[in-house]
Each structure stands twice: as structure tokens, then as C-alpha cells.
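Heads up: the structure comes next, in C-alpha cells.
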Amino acid sequence: MTIPSEPRRLRLRVRGVVQGVGFRPFVYALAGRHGLTGLVGNDSDGVFVEVQGEGGALAAFRRDLVAGPPPLARIDGVDAVALPPRDEAGFVIAQSEARPGESTPVPPDVAVCDDCLRELFDPADRRFRYPFINCTGCGPRFTIILDLPYDRPATTMAGFRMCADCEREYHDPASRRFHAQPNACPRCGPALRFLAGGNEALGEDALGRARDALAAGRVVAVKGVGGFHLACDATSDDAVAVLRQRKRRTDKPFAVLFASLEVARRHAMIDEGEARVLTGRERPIVLVRRRPDAGLSGLVAPGNDFVGALLPYSPLHHLLVDDRPLVFTSANLSDEPIVKDNEEALSRLSRLADAFLMHDRDIHVVCDDSVVRCLGGREYPVRRSRGYAPLPVPLPRPAPPVLAVGGELKATFCLTRGDRAYVSQHIGDMGSPETLAAFERAFGHFEALFRTSPAAVACDAHPGYLSTRWAAEFALSRGLPRIEVQHHHAHVAALMAEHGLDGLHPVIGVCFDGTGYGPDGAIWGGELLVADYRGFERLAHLPYVPLPGGDTAVRRPYRAGLAHLFAAGLPWDDDLPCVQACPPAERRVLARQLEGGFNCVPTSSAGRLFDAVAALINVRQEVTYEAQAAIELEALADAADEGIYSIALSGDPAIIDLGEMFRAILMDLRGGVPRGVIASRFHRGFARLVVSMAEFARRRTGLRVVGLTGGVFQNVRLLRLSAEGLSAAGFEVLVHERVPANDGGLALGQAAVVGLGRVQG
Ligand code: ZN
Ligand code: ZN
Ligand code: FE
């Protein structure tokens, strides 16, 4: 016989993602199961629990708390202190306590759950076909939260008063909607509105009108979770052409919303790993291989054998899309921030959309769709945003608070607090006042939400970046030190940080990139570094090529082609496609510039080398979006060919010699070798170069961990071939899994360099 021990009382503090995820009802039910009294509540530091009962029950409670939290929760730690027992009758949910200076991670917006979906399509349910159905396990979070602690009055749902039925669920610990802050129903919650011309429709009518408009080939602006989308029939050339023309977007691929995995599989090859990510609660856009025979309009992703597939994540999407897939692209002009407010949509999108499907649940912060690729079942981020942000990336150790402002394109920022790095959602391409304003808004929100104020500011070293100039002003206004981090050092540091490396041992970083400012004033981008958080050494790089007229060269790959021919000492023969693509007058100017070396920036950019090869074999002479030539070159590569171009690496410091490769390409080109074969040989040659570079660094340093980073590594053919070659040569290979290899990952790396390597805590 066991004698019940004296009642004891514990105060537990649970840290992690524990608010807005049904954690309090979970604790409530758990306490009931173990016969404990006490209370549970939210404060701005997480969840606090007081439990009272006999020792065995308390221990079992603690075990179950950690073992089986709700699906969206992530427990980072539990601290316990003993308290004197109290006289109390039951277990209650306490009022929220706001404690200044404390903060807890905010959950991201996640896709509608299966339970809610069943109700959505159940005619007997009171939320049958209600587009805003949600519960503690699903729905909007980050985009509707104004402040912490996370309670209804601190969300954009504050203005909706729950009806009696919703109120009952909200207070019933047995309900899936117990303390579900966005809880709503058709009687008391947000409603749909359709607008076209002067016509208006509401509710189910609005939905029907929107579906009719889409079926008729119209472009409809649809308000979603993190902003508006522009939608149209993805199987109609006419509809997609209209959208392209209005958006002034010639070739850049559009994402496509499919009703289900089954429908998506009719249009794309989707393996098990991709299916898991597509249907996961983060619900990103997944780049999957398009079926050539599929019914999608060729205008969805011209010159690209991948398509950005998306499955419905808001209940509204489930009601909107049927067997006919929809183009579903962020509603913005070129690379400006996505539109989120109704009034803003009606004015800024009036020339883009024929009709509007809106609702009255406000979006507090914009959050674009995330984009990932899937490699060997693992996620490879292209854009980290909705579904992921603002979850922190854990740092290997606590750092002083740092604001890192990122780069210029695909901007994100990063704000650290202790050992958490809060990487922002995707902001867009800096350069327009709108993007800068969105950046400042998002930063203000993060600073308030996570109760942290930077002690130092990290930025890129490029004097022309808007983010660098903003950082200078911001640092001055707050009296903070500003620290510049070299672009490719930041890329490597981001990779180290997301893999939790403590930085005590440096790594070999192979960084292939478009553009990054080098300390020598050249534009870097084909770099072999050995780096830790404190600094880096450059062991080798692609040869400097003089590039006339920087930005123009980026838009016209034939210029990169001519520059590389010049640098390799090869003549501009008239039979070469990149020579033909360049008007004679421009050619004469270029020749003078190159020979005189004026108005030329020396660059070791790997991105421009891909451009040069693409132009040389006439894949693309001018681009309308970033990396288009490289993407089309990758798509063209013929996997069956086993040939390879040799790229020599010799000397110490190592010199990379591209001359032999260019001569071989010209010979193949003139010998009538198909372009797909040339593209394949180039990819193989480049991947072997990656291995040679790593081997060179290993000989010099004895290190054997290699990180592959930089925007060029979004080329999965190059990434896969490189990683395979490195593994075969005995290296441990790091690739990105949490932040992008492109400049969207820079901010994390800058924060790691400054927080972990430069500033003393
Ligand atoms: Zn749900
Ligand atoms: Zn209601
Ligand atoms: Fe970069």
C-alpha cells in the first residue's frame, strides 16, 4: 500500500512556441487527468503553470507536458520552482499577465486543419462553407497579432464580438476552440465581399461570383492570410497573358494553386518528400517538375521545367479552387511589397484586377507565400516567409541583441534575442520607398513583439545598398555601433548558424553568387573562403573579368559572354550567338571600354559566368527577371550526357582558369553538339571545380566540412552534383535547410557574425 505523500505545489514556466497553439487547454485537460489543482496562464514570456497535488501525479504531469504538447507547440524549456501549497478547489485558466521586457515566440500562420476541413464541408455543421473557420490547431496567427500576450483583444479579431455559440466553445475546455483567439462563425465573424465594377455581392454569393469571374478568364484579386493574391485560370493562355501584360511580368514564373495533391499530380511529377512538404501545415509553394503533357498554360512558367505548386491553406482557398488550377501570385507591382488592406487593394490593384474578393478580417503584417525546393526529402528554402516566419532560428549560444538588415534583393532582416534569431518574413527588393516603408514597419513590429532592442547593427559592406544606408542612419539615430559584414562571409555564417555550429572550428565555404561587394572594391561571387563567425580568409576565386556597365550587364547576358571571351583572350567571331546578339555600335563601345578598362567593374561573379555560358550557346541574351539565363541553362541540361569540361585550379593562392573550358565550349558549339549537352558538360565541370576548390582548402587547412551557399546554388543540378562529388571525396557537406542560399539568408549570417563573432555580450 502506498501512502499518498503530502500535497506539493510547483510553478512551471514553459518557454517556446506555446501561445496561440492551444497550450492552455492542453494543460487544463492534463491537470484534470492527473487530478491536480492550480492554474495556467499566458504572459509575455510564455506560459506559466501552477499545479498542486501529490508527488507522483506532479511528476507524471510534468512528463506528459513535455511528451505530448499540441501539434503547433514547440517547447524550448521548462523551469520549475516549489511553492507552498494553497487552499484551492480546482484548476483554472488565469488572466493573461503582461510583463514588460519579456517575450515569447509567436506562432506562424498555418494551414486549416483536417478537423476544420471536415466541418467546412459538412452541411450539418454550423460553419458549413464558412471561409474563416479555424481552431486552436490551425489558422492565422502572426499576420493578425498586434501584440503579446496573444489574446483576442491584441489581434485584428478584436472588433468581432463572439456570438453565444462561439463564446460557449471559447470557454469550454473540452472544445477544439477553447481559447482559440480567431474563433468565429457566419453569425459573428468576418464575411466575404465581392466587388466588380459597381457591383457588389456578399457571403456565399460573393464566392459564387468570384468563381464565375475566374471561369470566365478574369483576373480576381483575392484577400488571403498574409496579403492579396492575383488569381486567374492557369489553363487559359488568354487569362495568363492578360495577367502578365498587366503585371508587366514577361517571363518570371507564376505559382499555381491546385485543389488537392491529386489534382497537382495531374500537372506535375511529385515525389513523396515533395508531397509531404506540399501538404504540410506550413504550406509553402514547392517547385516541382512540370508534366510536359499537362494542361497548364505554357505562359505560367516559360522556359522553365519547374512549376511553383501550392495547395489551399486558407478555408477560402478550398472553397475557391476546383479541378481547374489557378495562377496564384502575390498582388503587387513588380517587386514591391504585397498589398494587404482593402482600400489599398482597390486603389493600387485597380488596373491589375477585374474583380475583388475581400473580407473584413484585417491583416496586421504582410507575409508572402514561402517557396521551397525538396532535395532528398529535405526542404531547401528559396523564400522563407508565411508558415515559417517569425519562428526563431536557434543560435548555438546566446548573443547580445543585434539587428541585421540583410542585403538589397529578397530582403529580410534578423533581430536576435539571447539564443534566438528572429528572421523576418520576406520583405521584397529594397530600392522602392514602398519596400523601405514595409521594412521599417516589419522591424517596428518585431521590436515590439519580441521585446528586444538592438545593441549593434549589422549590414552589408556595399555602399550602394539602401539597407546599408538605412543601417547607417538608424545606428546614428540610436547611438549604436554599425558593423559591416562582407557579403559572402555572411552567406557562409548563415549556413553555419542554421546548422548550429559553435564557430570554434572554421569551415570551408564555397560561395557561388551573383553579386557581392568585396573589400578590394571588386564585385565578388565565385569564392572559396575559410570562415568562422569572427572572420574569413579568401583562398581562391573565379578570375576577375572586367564587366562593362554593371547593371546593364546583368540584364543583358550577352555582355557577360563578350566580357568572358575577352578575358579568356578569345576573339568575338561573327558566328557566335552572343556576338550576333550585341548591336554593332554597342559592340564597338564595349570593345573600347574593355581595352581601356574604363567604366568596367572587375568581377569574380559565378552568376555572370552562368550568364556568359547561357549567352554563348544562345539560351538567353536578355533577361526579364533575376537569374533567368541560369535557370533556363539548368532546365536545358541533358542529364544523359556524361561529358565534362575541365576547369583547372592551380597554384597557391589558387588561380581558376576558365580559358580551357571556353575553348571547349566553342569547339562543341561549332561542331554542332546540342546545347543541352553543352549545358550538361558545363554543370558537371563546375561541380568538379567545387570539389577541386574544397580539396585545395583541405590541403591548406586540414578542414573537411564544406558549406555550399550563395544564390547560384539554387541551381539544384549544380548543388546535387557538387554535394555528391564532395561526399565521394570524403567531405561533410552543409546545405541550407532553414534560410535560403540566396540573399534572403544574408541577415541571419550578418547577425551571427556580429552577435557571435564581433560584439562582446
Ligand atoms: Zn482547425
Ligand atoms: Zn459565432
Ligand atoms: Fe548573395
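Sequential numbering of the sequence shown, starting at 0, is according to numbering that gives the first Met the number 0.
Backbone N, C-alpha and C define an ideal beta-carbon position, used for all residues, glycine too.
- Rounded to whole angstroms, the separation of the alpha carbons of A552 and H563 is 12 Å.
- Counting every other CB atom within 10 Å of its CB across the protein chains shown gives F609 a total of 16 or more, marking it as buried.
- For Y129, there is no enclosing beta strand (DSSP E), as DSSP marks it with neither H nor E.
- Here S296 is buried: its Cβ has 16 or more other Cβ atoms, across all protein chains shown, within 10 Å.
- Remark: three or more beta-carbon pairs, one from each stretch, lie closer than 8 Å, so the segment 396 to 411 and the segment 452 to 469 are flagged as touching.
- Of the residues F127, P480 and C510, the one whose Cα lies closest to the Cα of E203 is F127.
- Fewer than three beta-carbon pairs drawn from the segment 183 to 201 and the segment 483 to 491 are found closer than 8 Å, and the two stretches are therefore not classed as touching.
- Judged by the Cβ position, C134 qualifies as a neighbour of ligand 1 at the 6 Å threshold, a heavy atom of the ligand being closer than this.
- It is roughly 32 Å from the alpha-carbon of L569 to the alpha-carbon of E536.
- One thing to note: C581 has its Cβ no nearer than 7 Å to the Cβ of P547.
- Secondary structure note for H488: its alpha helix (DSSP H) is the uninterrupted segment H486 to E497.
- For Q180, no beta strand (DSSP E) encloses it, and the DSSP letter there is neither H nor E.
- Taking C-beta atoms under 8 Å as the contact rule, A636 and S679 qualify, at a distance of about 4 Å.
- Judged by their CB atoms, Q51 and T103 are not nearer to each other than the 7 Å cut-off.
- Cβ atoms of H33 and A59 come within 8 Å of each other, at about 6 Å.
- When the beta-carbon positions are compared, F445 and T328 stay at least 7 Å from each other.
- Taking 3 residues as the minimum length, the beta strand (DSSP E) runs contained wholly in the segment 630 to 694 are 647 to 649 and 653 to 656, in order along the chain.
- K246 carries a helical assignment under DSSP once its states are collapsed to helix, strand and coil.
- With a cut-off of 8 Å on Cβ pairs, the segment 335 to 342 is not in contact with the segment 261 to 273, counting fewer than three such pairs.
- Between the alpha carbons of P739 and D171 lies a distance of about 42 Å.
- By the neighbour-count definition (other C-beta atoms within 10 Å, threshold 16), E497 is a buried residue.
- For G710, the Cβ falls inside the 6 Å cut-off from some heavy atom of ligand 3.
- Distances from the CB of R151 to the heavy atoms of ligand 2 are all 6 Å or more.
- Of all C-beta pairs linking the segment 299 to 309 to the segment 623 to 634, three or more are shorter than 8 Å, placing the two stretches in contact.
- Proximity to Q424 across D292, P395 and A388 peaks at A388, based on C-alpha coordinates.
- For W571, the secondary structure class from DSSP, reduced to helix, strand or coil, is coil.
- For the pair A179 and T135, the CB atoms are nearer than the 7 Å cut-off.
- Those residues that have a beta carbon less than 7 Å away from any non-hydrogen atom of ligand 2 are, in order along the chain, M161, C162, D164, C165, A183, C184, R186, C187 and G188.
- Per DSSP, the unbroken alpha helix (DSSP H) holding R607 starts and ends at A605 to L615.
- Burial check for E625: the Cβ neighbour count within 10 Å reaches 16 or more, so the residue is buried.
- Three or more Cβ pairs closer than 8 Å define a contact, and the segment 101 to 121 falls short of that threshold against the segment 283 to 296.
- DSSP places D459 in the uninterrupted beta strand (DSSP E) bounded by A455 to D459.
- Three or more Cβ pairs drawn from the segment 11 to 28 and the segment 39 to 49 lie within less than 8 Å of each other, which places the two stretches in contact.
- Taking the C-beta atoms as reference points, L747 is found no nearer than 7 Å to A398.
- Leaving aside the five residues that flank I522 on each side, the residues in its chain whose CB is nearer than 8 Å to its CB run, in chain order, T514, G515, Y516, L546, G549, V600, P601, T602, S603 and S604.
- Listed in chain order, the beta strand (DSSP E) elements of length 3 or more contained wholly in the segment 43 to 114 are 45 to 52, 73 to 82 and 90 to 92.
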